[in-house]
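Numbering (mature numbering (1 follows the signal peptide of the UniProt record, and there is no 0)), first residue to last: -28 to -1, 1 to 424.
Working notes, beginning with the structure itself.
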């Protein structure tokens, strides 16, 4: 039986007991650790001869198929393979292939680079591939054509299969803790945008080509340029299925080449740059090629649907949506966009003139180039601009053009060029002669867009 005293004072005793629980040093409420108690697995597995970067995070705003863009581990591949040996596939077939990607500009090139990946990426990804090769401020100018050639030596292919329900049973404890406790920004910075689930390992010679061109078929020009350069430097053909003329090879200028080897024996690796105007030296890669093995393999390519967005591994719906929203902005803010060059013909230094025949205002006319902001002058290497002279009958409103085909003016290493002096408005004293307003108009051409 409970004594009457306790029955009478039970509510107060319960309150006192609860207070004692919270103030007693040995009975403090357990707090969550402020920092991750689990060791995060760093991307040091690249080239380990085993799983490499399979199951690791990857940032698709970085370089394409390059360990520099890898992040912390998301999946415990060792445990997954132990429990699901039939869902861990290793293709040990070996082969050497060439991979050519070309574009009429930087964005076009990058869009073709990701052609074998699914649609969860958006546009302008793998911007780091161009930034790693060409770090100058004009790298994304619309005046440049881009192409790359990769000589791939495949040693093996690693793939994990299974739905998300199964894969999420093998998340790294550190990843689970970070998802629960860290911000979307921190999560993407630590684990990237996607998780690698199907990759090719081996060795790779990666060559990036850039140039300006007078060839109107810009993508073809970039292919021809990289074929000539790779042949000259490495004695390797990129495998074009067409022939080209000497005139086409001479249409490219301001040509530059960046190359590096990935995987293989590090002591036999090659890396270098051949800037515009330099003589291309011959580079022997035979020793590096022969050194490639399973044990020194690294990530050299992705396979179709070989990545899963990082947010797919988050169960908490609120946190998942927060990461999706952040990732959408992150990809957009880090996407590649063209730095365009704009052209406009201006009328300057007006002078009014009057004689017995009539009166009018005369101007000096210039072709001007501007940067992306459409204000800052842009120096162009070599651009030819077609233009016409236009006149408007102020009485009828009819506009006529004085030259067909258009005249042309060539601008070399300058931001503007003088066309000549002509009137902008004129009123004749002769009866029946219309009052006219005149100006010069630029016409579409290669390497620029027209400002109104």
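The beta-carbon is built from N, C-alpha and C at its ideal position, and this holds for glycine as well.
For clarity, every value in this text was computed on a predicted model and none was experimentally measured.
Query	Result
Residue of 77, 330, 388 minimising C-alpha distance to residue 354	388
Residue 410 versus residue 347 - alpha carbon distance	24 Å
Cβ shell of residue 430 (< 8 Å), same chain only, five flanking positions each side left out	The chain is shown from -28 up to 424; residue 430 falls before or after that span and cannot be answered.
Any 3 or more C-beta pairs closer than 8 Å across the region 175 to 194 and the region 106 to 119	yes
Same chain, Cβ closer than 8 Å to residue 30, five either side skipped, listed in chain order	41, 42, 43, 164, 165, 166, 167, 168, 279
Residue -14, DSSP secondary structure in three states	Reliability fails at residue -14, whose pLDDT of 42 lies under 50, so the model's placement of it is uncertain and the value that follows must be treated cautiously. In the structure shown, residue -14 sits in a helix (DSSP, three-state: H, G or I).
Beta-carbon proximity of residue 47 to residue 308, cut-off 7 Å	no
Given residue 251 as reference, the closest of 201, 143, 390, 351 once Cα atoms are compared	201
First through last residue of the alpha helix (DSSP H) which encompasses residue 213	No alpha helix (DSSP H) contains residue 213, which DSSP labels as neither H nor E.
Other residues of its chain near residue 321: CB distance less than 7 Å, five sequence neighbours each side excluded	335, 336
For residue 175, the first and last residue of its enclosing beta strand (DSSP E)	170 to 185
Complete beta strand (DSSP E) runs within the region 70 to 157 (minimum length 3 residues, chain order)	117 to 132
Residue span of the alpha helix (DSSP H) that contains residue 301, given as start and end	289 to 305
Reference residue 177, options 110, 243, 113, closest by Cα	243
At least three beta-carbon pairs within less than 8 Å, the region 219 to 228 to the region 147 to 166	no
Identity of the residue in 114, 230, 57 nearest residue 104 by Cα	230
Cβ separation of residue 291 and residue 151, assumed to be a contact under 8 Å, to the nearest whole Å	6 Å
Buried or exposed (CB count within 10 angstroms, at least 16 for buried), residue 248	exposed
DSSP-derived helix/strand/coil call for residue 309	coil
Start-to-end residues for the beta strand (DSSP E) that takes in residue 352	352 to 365
Closest Cα partner of residue 421 within the set 149, 62, 345, 285	345
Nearest-angstrom Cα separation, counted from residue 22 out to residue 253	36 Å
Beta-carbon spacing of residue 342, residue 390 below 7 Å	no
Residue 61 and residue 140 closer than 7 Å at C-beta	no
Simplified DSSP state of residue 55, which is helix, strand or coil	helix
Simplified DSSP assignment, three categories, for residue 349	strand
is_contact[residue 112, chain B] using C-beta, thresh 7 Å	Judged by its chain identifiers, the structure shown contains no chain B, having just a single protein chain.
Sub-7 Å separation of residue 37 and residue 274 beta-carbons	yes
Endpoints, beta strand (DSSP E) assigned at residue 45	42 to 45
Cβ-based neighbour list, residue 203, same chain, cut-off 7 Å, excluding 5 preceding and 5 following	209
Paired residues, beta bridge with residue 272 - DSSP	In the DSSP output, where bridge partners are listed per residue, residue 272 has none listed.
Candidates 312, 412, 332, 414, of which the one nearest residue 109 by Cα	312
Residues near residue 352 in its chain [Cβ-Cβ closer than 6 Å; skip 5 each side]	341, 383
Coarse secondary structure for residue -5, derived from DSSP in three states	In this prediction, residue -5 has a pLDDT of 42, which is less than 50 and means its spatial position is unreliable; what the coordinates show is noted afterwards. Correct three-state label for residue -5: coil.
Residue 415 versus 33, 114, 360, 236, residue with shortest Cα-Cα distance	360
Endpoints, the alpha helix (DSSP H) within which residue 260 is located	258 to 263
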